[in-house]
Amino acid sequence: MILEKEKNWWQDAAVYQIYPKSFYDSNGDGYGDIEGIRQKLPYIKNLGVDVIWVCPFFKSPQADNGYDISDYFSVDERFGTMEDLRRLIDDCHAMGLKFVLDLVANHTSDEHPWFKKALSGDEKYMNYYYFKDPVDGHEPSNWASVFGGSAWEYVPRLDKYYLHLFHKKQPDLNWENKEVVDRVINIMQHWAQYGVDGFRLDAINYLYKEPDFPDVEPMPGSKYGFANQHYANKPKVNEHFARLNREVFAPYNMMTVAEVAYIEPETAREYCGKHQPELDMLYIFDLLNFDQDGFDKFSPLPFDVKAFKQTIFHWQKEMSEIGRLALFFSNHDQARSVSRFGDDSDQYRDLSAKMQGNAMYMLKGTPYIYQGEELGMTNLNYEKIEDFCDVEVMNTWQEKVIEGGEPAEKWLALFNSRSRDCGRSPMQWTDEANAGFTAGTPWQKVNSNYPKINAAAQEKDEKSTLNFYRKLLRIRKGLKSVQQGSVTPFDMESENTFCYSREYEGETVISVNNFKNVTCRVKLPRGSFRVLLSNYGDVAKVRGTVTLRPFECLTAIKE
Ligand code: GLC
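Plus 723 on top of the position in the sequence shown (first one is 1) and you've got this note's numbering.
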């Protein structure tokens, strides 16, 4: 029996996202590991978060850095042992931290036993995936993979193609096959019983594909096209979510956060329980898409603060009654936010990193802080294509530079500003070799700015980005208006600022943020406000019209 007060335990929580490969290497093999996370739990706890979400650490060929799982029941030896995991989860619980597992249920690795059996021609297992006959000697349709190229891979031995929305080593599971659903539920129940407190559900709104796989409009310069209208958020996924809720999430009182691209508010509210219990909160990637052409991260657009605030406030409004949003500025699939939306020069890095935190995490929803964001870690410069690791980079390089003949410099620059590798460089712990991340050779290049930007130095500096984040999370937790209150934007016409007030039972808090390297003026709501947090640190009270310096931010409470 779950007590009423224990239900929705996650409601006021803040989450820290860990990319294990790059977090902390405890044994000197160059890869971050589970024991490394355990050793850093005091650091995480001290930040003021309540939950850790750890990206996949299961057995995997690592074609997509662990999102290609070949065994859902065991830890990959790169990351440690089952005993390490037991200790990590037990220590989390002993310290009052919850543990969220990243569950990849849309696809497995092609090295998973199910897929291996399918490849050997075993019909039962072929039916676990989507195998289709060639059409006129070609792919069954022109669907593009998220990582570039076709979403279909040919298996000569079977004379059939299989579907992979992501990497060709990530074949999509057929959720129309009831046995598949039973087996995934079995995996989830296993981990629930093991003691994990929640799931981050990877690409979970892609579970249902329209069975005829119709051709789509090709992308410019390509044979293939994004077919998301045929596989994202199809009504049938609600049935799956409701069943997972009944059989796993509810009985084990778990927190669920679903990665959902291409979503509209009405669907979002349905997922969050408008008609039946399904998911707790949504991680909407579209929130980071406003400085690029649609879903194409390598077609960047200038950062438009107005577009940003319209998107954010639109979602805040749409989800104000039903549903909950994950609040985030970066993750393992994105460039570092201070480089992308701020200014990572020596002069403004610290100010703009703090301002971004203040802007995002006083909103309504659940903060998700991605490792290193609390230090203001930046993008790094990879000099040559060999320095990059990510499949998305490799596929795009092949398509655009090798086959398409486009200039290498153009693509290196784009990868250095937008690729997933930007956000995956090792965590900067100290000013020692390799930023104190490993005693060995790091799997991925360490950012050369680590002597300046590292946790140990920021620990000692009361005014550091790290200490600002700690304070921010503490303030957030103590204010009912920020946890639960209404959200009212102001200064909407400005092209520089991002401002809103939060209100709950007579408590009013404002968050005022200047996203640009300019001075600007903002008219505040009526009343006098006591400053609780600011990045310049020299303002105690504000009222009326205030002048904001470059990247200045503050949170203040009405007196
Ligand atoms: C999600 C993950 C990403 C992964 C993809 C395929 O988008 O965040 O890292 O590559 O799913 O599993």
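Quick reminder that beta carbons are idealized off the backbone N, C-alpha and C, glycines included.
Predicted model only: the values in this text are computed from it and were never measured.
- In this structure, Pro894 sits near Leu886, with a CB-CB distance shorter than 8 Å.
- In this chain, the alpha helix (DSSP H) harbouring Gly759 covers Ile757 to Gln762.
- The alpha carbon of Ser1148 has as its nearest neighbour, out of Asp833, Ala737, His1055 and Asn909, the alpha carbon of His1055.
- With a beta-carbon spacing of about 4 Å, Phe1274 and Ser1075 fall inside the 8 Å limit used to define contacts.
- For the alpha helix (DSSP H) assignment, the uninterrupted runs of no fewer than 4 residues enclosed by the region 868-951 are, from N- to C-terminal side, 901-917.
- When DSSP reads this structure, Pro1212 sits in a beta bridge with Tyr1223.
- In this structure, DSSP gives Ser793 a state outside helix and strand, which the three-state scheme calls coil.
- With the rule of 3 Cβ pairs closer than 8 Å, the region 990-1001 counts as touching the region 956-975.
- With contacts defined as CB atoms closer than 8 Å, Leu1202 and Val1235 fail to qualify as a contacting pair.
- A straight line joining the alpha-carbon of Lys883 with that of Glu876 spans about 8 Å.
- Annotation for Glu993: the continuous alpha helix (DSSP H) segment containing it runs Pro988 to Tyr994.
- Counting along the chain, the unbroken beta strand (DSSP E) around Phe822 starts and ends at Lys821 to Val827.
- Of the candidates Glu1282, Asn1258 and Glu1115, the residue whose Cα lies closest to the Cα of Ser868 is Glu1115.
- Under DSSP, Val1254 takes part in a beta bridge, and its partners are Ala1279.
- Taken from the Cβ of Val904, every heavy atom of ligand 1 lies 7 Å or farther away.
- By alpha-carbon distance to Leu881, the top candidate from Ile812, Thr1161, Lys855 and Gly1163 is Lys855.
- Per DSSP, the continuous alpha helix (DSSP H) segment holding Ala965 begins and ends at Lys959 to Leu967.
- Nearest neighbour of Ala1049 by Cα position, chosen from Lys730, Glu729 and Gln740, turns out to be Gln740.
- Look at Glu1155: its beta carbon is at least 7 Å from all of the heavy atoms in ligand 1.
- Cβ-Cβ distances below 6 Å link Glu758 to Ser749, Gly803 and Asp807 in the same chain, with the five nearest sequence neighbours on each side left out; the list follows chain order.
- Its chain contains no residue whose beta carbon lies nearer than 6 Å to that of Ser843 once the 5 sequence neighbours on both sides are disregarded.
- Here Pro1023 is bridged, per DSSP, to Gln1015.
- The closest CA to that of Gln952, considering only Pro937, Lys1087, Tyr1259 and Gly872, is found on Pro937.
- Contiguous alpha helix (DSSP H) elements confined to the region 1087-1144 occur at 1114-1120 and 1131-1141, taking only those with 4 or more residues.
- For Phe889, the Cβ falls inside the 7 Å cut-off from some heavy atom of ligand 1.
- Note that the C-beta distance between Ala1058 and Ser1140 is below 8 Å.
- The region 1064-1081 and the region 1035-1046 do not touch, with fewer than three beta-carbon pairs separated by less than 8 Å.
- Proximity to Ile986 across Ser1062, Ile1035, Asn928 and Pro1025 peaks at Asn928, based on C-alpha coordinates.
- Residue pairing of Tyr1006 in beta bridges, as defined by DSSP: Glu982.
- The continuous beta strand (DSSP E) containing Lys1264 extends over residues Lys1264 to Leu1271.
- Around the beta carbon of Arg1244, fewer than 16 other beta carbons lie within 10 angstroms, which makes this residue exposed.
- For Ser1142 against Tyr1093, the beta-carbon gap comes to about 15 Å, at or over 8 Å, which does not count as contact.
- Contact check for Glu982 against Leu930 fails: the beta carbons are separated by 8 Å or more.
- Phe796 places its beta carbon 8 Å or farther from that of Gly789.
- For Lys1029, the three-state secondary structure derived from DSSP is helix.
- Here the distance from the Cβ of His835 to the nearest heavy atom of ligand 1 is not below 7 Å.
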